[in-house]
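Colleague:
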Amino acid sequence: MDIRQAFLDYFASKGHTVYESAPLVPDDPTLLFTNAGMVPFKNIFTGEVPAPNPPRGTSCQTCIRAGGKHNDLENVGHTARHHTFFEMLGNFSFGDYFKEEAIAYAWEFVTEVLELPREKLWVTVHENDDEAEAIWAKHIAKERILRMGDKDNFWQMGDTGPCGPCSEIFFDQGAERFHGPEDYLGGDGDRFLEIWNLVFMQYERDAEGNLTPLPRPSIDTGMGLERVVAVKEGKASNYDTELFMPIIHAVEELVGRRYEYATGASYRVIADHLRSTTFLLAQGINFSNEGRGYVLRRILRRAVRHGYMLGLREPFMYKLVEVLVRIMGDHYTYLEEKRSTVEQMMRLEEERFFATIAAGIELFEKELENTEKLFSGAVAFKLYDTYGFPLDLTQDMLKEKGIEVDIAEFERLMAEQRARAKAAWKGSGDARVEGDFKALLEEFGRNTFVGYDNLKAESRVLAVLNDGFARVKCLEPGQRGWVMLDITPFYAESGGQTGDAGVLRVVNGDEVVAEVVDTKKFFDLNLSEVIAKTKLCENDLVEAAVDTARHEIAKHHSATHLLHSALREILGDHVTQAGSLVEADRLRFDFSHPKAMTGEEIAQVETWVNEVVERGIEGETEEMGIDEAKAKGAMALFGEKYGEKVRVVSFGERSVELCGGTHVRNTAEIGMFLITKESGVSAGVRRIEAVCGHAAYELVKSMRGTLARITAELKAKDPMQGIEKLQQQVKRLKNELKEAQKSRKAEIETKKIGEVTVVVDEVEGGDIKAMIDDLKNAHDQVAVMLFQKKGDKVLIAAGQKGTNVKAGAWVKAIAPVLGGGGGGRDDFAQAGGKDPSKIGEAKTKALEYLKESL
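Take a look at the structure:
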């Protein structure tokens, strides 16, 4: 039975709109990941935006809990129910139906669609919710309804805001399998499994904790797909179901050892973490050292550590992606589309980590040499924190030596790290914007954007907001705020394209009423940020004019589309967009690719784009259904919101993309396209920066000026000839210097004191240490001291081989003659002096010292 589809079909038959699973990265700055089914509808429940029509919906939402305050990571694999990635089935009423219908729908689905035995079902309600208990009594015997307190049966979104009692449906998994002291309804045992939570959002909680009934109460329900599948299949653990076992069997094949539940935590960790990493990578999250990318890296590396514990010594996770696609690819079709990219990026990250594991073992072995009975907790923590070694792996490695880890020290350091992580958690880091948006949507609906075809429009100011997004009647001269125009030519920042700037003028006049500095979208409202030049009020008629920079932005946006196509053709279909920025004077394009581009590849891409530009291909924009657009070959970006109709921007067959941005009418308008830089962003993600249009002209003009200055300095018509001439000159001078140094070496005067060759001399240039080394190599017994003027100072160096003279002592004895000091080893020493006029005296003293010593 396809429970996911059955759930969506059931609620569709009850008038609910079926919503696709929203991206795992939510449009909510307070959350790291989408961690519940209601997250995509949060703004509706909080009243920030109006309810949709119809005001009821259903979804199967992919969720991740592996960071921030919802973090199940450490429990995964060790319990039957914890997952980093899971699917939440839910139905929602936005001020439409309430408890009566929600309970009836839930009961009908559980008993008639899922056909779960009624005698195994139990229900809990809040201790003060007489209404819910009375409704449930119509469906289930009253003795199977249990009242519970706030801890179990009251839900709230935060300290303030919408909240209310909830009702949970439990499935009795049987006393024959679960008979511990906590296996009672309401206990912490696994006998009574919660499968569905119905939240009755009926109150608003204020800062003082007072509850006020909501005028239009709502419903938010959540049922974990993994739990329901386990119940339907009669399995005691989610991991024993068809959702996980094919992955576990694939791990068995890689390891060469059969999976046993009691000892198989590592198999379960790998199966769970494969789902998280695959979905995050497929949705455009990349490995990095911060934020969501860091959590992704930690999840994958945790899985790799468990593979290492099972004996795997080379990348293996990427080999399991195919199995996951077979399980979930029919519903989440993008998994197959992104499969090769996901496998590439996963393999690259695994290779890096396996190299790190080897370094960790080196640290382990080094510490082991200094360990007698208790292995350092600090080193064990470093192995965990820096090299990704779990504590149990370190303990296993120590077991055969009969050595234990200092657990107390390890736990203390772990506690400190958790405290730092908790203190550092600040959500996604984006600024949360609150304002009077719901009132504007309810009063006016969305305003009309005409900027694709018009850079000017006569508009009425529907609303004025101050810089805190609160509605005001007017802005005074010099004040900054936001305006909502009924008809606007200003493009709101989206899809990497910056928001438009421009002016608001008096209609049929030149007087500027306000300067438009930016345009953004808030809940589908196109609002322009302005600085008032004169008094600007609601209902004013203005002429809205977009800045001429828009055309340069359009050139860079169209060039970005061509660049994307060029990269896919030259590097391969694995290239997908990972981010972009389009401005009037530059573009930046991030894309998935496992290694740096070669100079030849960069040149090929640049040539490809310029050839398309030169061909003057007409641009075409069409509106069509999303399926039709994909059939046409249009590339869609994951996470972008596409409605029933999408806008397809094409330049012949060379580029076909879904895009809401502004573009040139013909590729010839783009002008010259120049790549200025190729660099790495993170593992598996590269970045190209480029310019076109006027910015490319300015770059070429600057380069031409630089070239002219170089030509003038070289005094050559052809700068390359001038450079070659300089290179030859440098080469000749180097050779001359080398010969001069050789000649100088030959001139060094040598003497004999007994069997020892003695050199005490002044040299003008060259490396005196190298000279001493040459003399030591040329003689079995030698003592050398050389002096060299360095401006108004003197460099002294001494060396010996096969004698009883100690170079350090010799230098210490002679340097004071020159007003300096120094020392060194017995075989080589050096010093500095301040008085070059005393070099002659120093040479005499140096020879006297040798005569006495030898």
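Be aware that the sequence shown starts at 132, since it is given in this note's numbering, and climbs by one per residue. Quick reminder that beta carbons are idealized off the backbone N, C-alpha and C, glycines included. Since we're looking at a predicted model, the values are computed, not measured.
1. Starting from M459, trace the alpha helix (DSSP H) in both directions and tell me its first and last residue.
2. Below 8 Å on the Cβ atoms is my guess for N657 versus N578; work out the distance and round it to an integer in Å.
3. Using alpha carbons as the reference points, say which of K530, D516 and M448 lies closest to Y425.
4. Are there 16 or more other CB atoms within 10 angstroms of the CB of W556, so buried, or fewer, so exposed?
5. Could you give the first and the last residue of the continuous beta strand (DSSP E) run that contains F375?
6. Quick one: Cα of A977 to Cα of V891, how far?
7. May I have the straight-line CA-CA distance separating S559 from A847, to the nearest angstrom?
8. D561 to T165, Cα distance in whole Å?
9. For K686, count neighbouring Cβ atoms within 10 angstroms of its own Cβ and tell me buried if that reaches 16, exposed if not.
10. Please state whether DSSP places Q628 in a helix, a strand or coil.
11. Which one of V743, S590 and K776 has the shortest CA to CA distance from M755?
12. Drop a sphere of 10 angstroms on the beta-carbon of M219, count the other beta-carbons inside from all chains shown, and report buried for 16 or more, exposed for fewer.
13. In the DSSP output, what is R433 paired with across the bridge?
14. Please classify F302: is it buried, with 16 or more other beta-carbons within 10 angstroms of its beta-carbon, or exposed?
15. By DSSP's criteria, T343 is part of a beta bridge. Which residues make up the other side?
16. How close, in whole Å, do the beta carbons of F918 and E893 come, if the pair is a contact with beta carbons under 8 Å?
17. Using the three-state DSSP reduction, which class does R135 fall into: helix, strand or coil?
18. Measure the CB-CB distance between A402 and I430 and report whether it falls below 9 Å.
19. How about Q475 and Y439: do their beta carbons lie closer than 9 Å?
20. Less than 9 Å separating the beta-carbons of G792 and V713?
21. Buried or exposed: Y370, going by 16 or more other Cβ atoms within 10 Å of its Cβ?
22. In angstroms, rounded to a whole number, what distance separates the CA positions of R660 and T650?
23. Looking only at its chain, what residues have a beta carbon closer than 6 Å to the beta carbon of V456, apart from the 5 residues adjacent to it on each side?
24. Check whether the Cβ of G612 sits closer than 8 Å to any heavy atom of the ligand NAD, and report yes or no.
25. Report all residues from its chain with a CB closer than 6 Å to the CB of T352; omit the five preceding and five following residues, and keep chain order.
26. Given that a residue counts as buried once 16 or more other Cβ atoms are within 10 Å of its Cβ, and exposed if not, what is F575?
27. Could you have a look at I884 and say whether DSSP puts it in helix, strand or coil?
28. What separation, rounded to the nearest whole angstrom, lies between the Cα atoms of E453 and E573?
29. Please classify N741: is it buried, with 16 or more other beta-carbons within 10 angstroms of its beta-carbon, or exposed?
30. Take the Cβ of V836 as the centre, count every other Cβ of all protein chains shown within 10 Å, and call the residue buried at 16 or more, exposed below.
31. Spatial neighbours of S781 within its chain, please: CB distance less than 6 Å, with the 5 preceding and 5 following residues excluded, ordered by chain position.
32. Does the segment 845-862 come close enough to the segment 937-948 to have 3 or more Cβ pairs within less than 8 Å?
33. Using alpha carbons as the reference points, say which of E844, G815, L571 and L805 lies closest to V831.
34. Taking contact to mean 3 or more Cβ pairs, one atom from each stretch, closer than 8 Å, check whether the segment 302-315 and the segment 335-343 are in contact.
35. My understanding is that G508 touches A550, with C-beta atoms under 8 Å, so please give their C-beta distance in whole angstroms.
Modeller: From the atom records:
1. V452 to M459
2. 5 Å
3. D516
4. Confidence in W556 is poor, its pLDDT being 46 and thus under 50, which makes the residue's placement too unreliable to answer from.
5. Taken as a continuous stretch (DSSP letters only), F375 belongs to no beta strand (DSSP E), as it is neither H nor E.
6. 7 Å
7. In this prediction, S559 scores a pLDDT of 44, lower than 50, which makes its location untrustworthy; the coordinate-derived value is nonetheless stated afterwards. Rounded to the nearest angstrom, the two C-alpha atoms are 57 Å apart.
8. Only weak support exists for where D561 lies, its pLDDT of 48 falling under 50; the value from the coordinates is given anyway. Between D561 and T165, the C-alpha separation is close to 15 Å.
9. buried
10. strand
11. K776
12. buried
13. Its beta-bridge partners do not exist; DSSP assigns none.
14. buried
15. E335
16. 5 Å
17. helix
18. no
19. no
20. yes
21. buried
22. Residue identity check: residue 660 is Glu in the sequence provided, not Arg. Taking the straight line joining both Cα atoms gives about 6 Å.
23. L466, E467 and R470
24. The ligand NAD is not among the ligands present in this structure, which contains no ligands whatsoever.
25. G221, N222 and L329
26. exposed
27. strand
28. 47 Å
29. buried
30. For the record, residue 836 in the displayed sequence is Gly; it is not Val. With fewer than 16 Cβ atoms within 10 Å of its Cβ, G836 is classed as exposed.
31. E751 and V787
32. no
33. L805
34. no
35. The pair is not a contact, with the Cβ atoms about 17 Å apart (cut-off 8 Å).
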